[in-house]
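Asker: Under the working numbering, the sequence shown has 41 at position 37, and the numbering climbs by one with no breaks.
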Amino acid sequence: MNTLNFNSVYSEFYSRVLNYLNVKTNNIELAEDLTQDSFLKISLHLKEFDPSKSKLVTWVFTIVNRTFIDHLKTDKSHNNVLVDGYVNEDGDSSFEYLSNHNERGVEEIEIAEAIESAISNLNEKEQKIATLRFLQDISNVDIAVMLELPIGSVKVTVMRIKEKLQGQLEEQYNML
Numbered sequence: 005m006n007t008l009n010f011n012s013v014y015s016e017f018y019s020r021v022l023n024y025l026n027v028k029t030n031n032i033e034l035a036e037d038l039t040q041d042s043f044l045k046i047s048l049h050l051k052e053f054d055p056s057k058s059k060l061v062t063w064v065f066t067i068v069n070r071t072f073i074d075h076l077k078t079d080k081s082h083n084n085v086l087v088d089g090y091v092n093e094d095g096d097s098s099f100e101y102l103s104n105h106n107e108r109g110v111e112e113i114e115i116a117e118a119i120e121s122a123i124s125n126l127n128e129k130e131q132k133i134a135t136l137r138f139l140q141d142i143s144n145v146d147i148a149v150m151l152e153l154p155i156g157s158v159k160v161t162v163m164r165i166k167e168k169l170q171g172q173l174e175e176q177y178n179m180l
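1) The alpha helix (DSSP H) that contains residue 133, what's its start and end?
2) Does the region 114-133 come within contact of the region 47-67, defined as at least 3 CB pairs closer than 8 Å?
3) Where do the ends of the alpha helix (DSSP H) carrying residue 70 lie?
4) Helix, strand or coil: how does DSSP classify residue 57 here?
5) To the nearest angstrom, how far is the alpha carbon of residue 13 from that of residue 21?
6) Which residues in the same chain have their Cβ closer than 6 Å to the Cβ of residue 170, if we skip the five residues on either side of it in sequence?
7) With the cut-off set at 8 Å, would you say residue 68 and residue 42 are in Cβ contact?
8) Cα-Cα, which of 128, 18, 174 and 140 is closest to residue 64?
9) Have a look at residue 79 and residue 159 and give me their C-alpha separation to the nearest angstrom.
10) Among the residues of its own chain, which have a CB less than 8 Å from the CB of residue 124, if the five just before and after it don't count?
11) What is the residue span of the alpha helix (DSSP H) that residue 143 lies within?
12) Among 58, 173, 66 and 9, which one has its Cα closest to the Cα of residue 143?
13) Among 73, 155 and 34, which residue has its Cα nearest to the Cα of residue 140?
14) Using the three-state DSSP reduction, which class does residue 167 fall into: helix, strand or coil?
15) In the structure shown, what three-state DSSP assignment does residue 33 receive?
16) Please report the straight-line C-alpha distance between residue 77 and residue 27, rounded to a whole angstrom.
17) Taking 6 Å as the limit between beta carbons, can you name the residues of its chain near residue 16, skipping five residues before and five after?
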């Protein structure tokens, strides 16, 4: 039987969750809102926590990550895409674009569409990981926790996805 009490979970994890979300959002007000949303979900589902299936910290941060992802899905104005290893014409090794069409030029929209198209050519598992890693900027460790995969498997998959995306972008769109 689960004997956890919400106040102890809140006390133990509040500052870690807030700091984590502040780093992810770079906005303390938003981080506070997402922290509140996360703890609301935790309070509603605490009785469902099963210590034989996962550690409390893993369970808490899975809820926090899902709350953050839900926010990203509903708030498209702050979506950034980071593709590590991309080399632009200035020799920069990473690429970022804003998804708000009002703030982008035609070339950036074309690049965004090319990346989204390249991701759609991946298999289902790779699409899920690519979306989390590159479109939502979720760390490999967090992806491993969320998808219940070994971290090594996630790292190798991300590396392979990067290679596939680079190849597709170079071949199909002559971007490199």
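Glycine included, each C-beta is placed from N, C-alpha and C at the ideal position. Owing to the predicted nature of the structure, the values given are computational and were not obtained by experimental measurement.
Answerer: In short:
1) Along the sequence shown, read from residue 1 onward, the residue named residue 133 stands at position 129. From DSSP, the alpha helix (DSSP H) with residue 133 extends over 128-134.
2) no
3) Translated into the one-based positions of the sequence shown, residue 70 becomes position 66. Note, residue 70: alpha helix (DSSP H), 60-78.
4) For the purposes of this step, residue 57 is taken as the residue at position 53 of the sequence shown. Residue 57 falls in the coil class under three-state DSSP.
5) For the purposes of this step, residue 13 is identified with residue 9 of the sequence shown, where counting begins at 1. For the purposes of this step, residue 21 is identified with residue 17 of the sequence shown, where counting begins at 1. Straight-line Cα distance between these residues: approximately 11 Å.
6) Translated into the one-based positions of the sequence shown, residue 170 becomes position 166. Nothing listed; no residue qualifies.
7) Locating residue 68 in the sequence shown gives position 64, where the first residue counts as 1. Locating residue 42 in the sequence shown gives position 38, where the first residue counts as 1. Cβ distance < 8 Å, so residue 68 and residue 42 count as in contact.
8) Residue 64 sits at position 60 when you count from the first residue of the sequence shown. Here the closest residue by C-alpha is 18.
9) As a first step, residue 79 is located in the sequence shown; it is residue number 75 there, counting from the start. As a first step, residue 159 is located in the sequence shown; it is residue number 155 there, counting from the start. If I take the Cα positions, the gap works out to 27 Å.
10) As a first step, residue 124 is located in the sequence shown; it is residue number 120 there, counting from the start. Same-chain partners within the cutoff: 131.
11) Walking along the sequence shown from the start, residue 143 turns up at place 139. Unbroken run through residue 143: none, as it is neither H nor E.
12) In the sequence shown, residue 143 corresponds to position 139, counting from 1. The shortest Cα separation from residue 143 among 58, 173, 66 and 9 belongs to 66.
13) Position 136 of the sequence shown, counted from the start, is the residue given in the question as residue 140. Taking only the C-alpha atoms, the option nearest residue 140 is 73.
14) To locate residue 167, count along the sequence shown from 1; it is residue 163. DSSP places residue 167 in helix when its eight states are reduced to three.
15) Within the sequence shown, numbered from 1, the residue matching residue 33 stands at position 29. Helix.
16) Indexing the sequence shown from 1 puts residue 77 at position 73. Indexing the sequence shown from 1 puts residue 27 at position 23. Computed Cα separation, rounded: 18 Å.
17) As a first step, residue 16 is located in the sequence shown; it is residue number 12 there, counting from the start. Around residue 16, the same chain offers no residue with a beta carbon nearer than 6 Å, after the five sequence neighbours per side are excluded.
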